[in-house]
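Novice: Can you read through this structure? Questions will come right after.
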Amino acid sequence: MSRSTNKPANQGASPFLNQFKYEVANELGMGNYQNMDKGSLTARENGYVGGYMVRKMIQYAEQNMHK
């Protein structure tokens, strides 16, 4: 059960964002993040995934601004 109140601006983006989250967690060495009990992770661990996602999205936007 997800208790997140964050909703994407574009509802069609949800599957992409979820996949992106799992890829980022994997890059960070968090293994099977998709099937993990997120409640067993610390706020720092969960926040690290979200923060890294934001950094990667900003980097992507900056790289594609001049194209």
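Per full-length UniProt numbering, the very first residue in the sequence shown carries number 1; after that it's consecutive.
Cβ coordinates follow ideal geometry from the N, Cα and C atoms, glycine included.
Span of the alpha helix (DSSP H) holding residue 19?
Specialist: 14-27
Novice: Residues in the same chain with beta-carbon distance under 6 Å from residue 19, minus the five sequence neighbours each way, listed in chain order, please.
Specialist: In the same chain as residue 19, and ignoring 5 residues on each side of it, no C-beta atom comes closer than 6 Å to its own.
Novice: Check whether the Cβ atoms of residue 34 and residue 22 sit closer than 7 Å, and answer yes or no.
Specialist: yes
Novice: Does DSSP classify residue 32 as helix, strand or coil?
Specialist: coil
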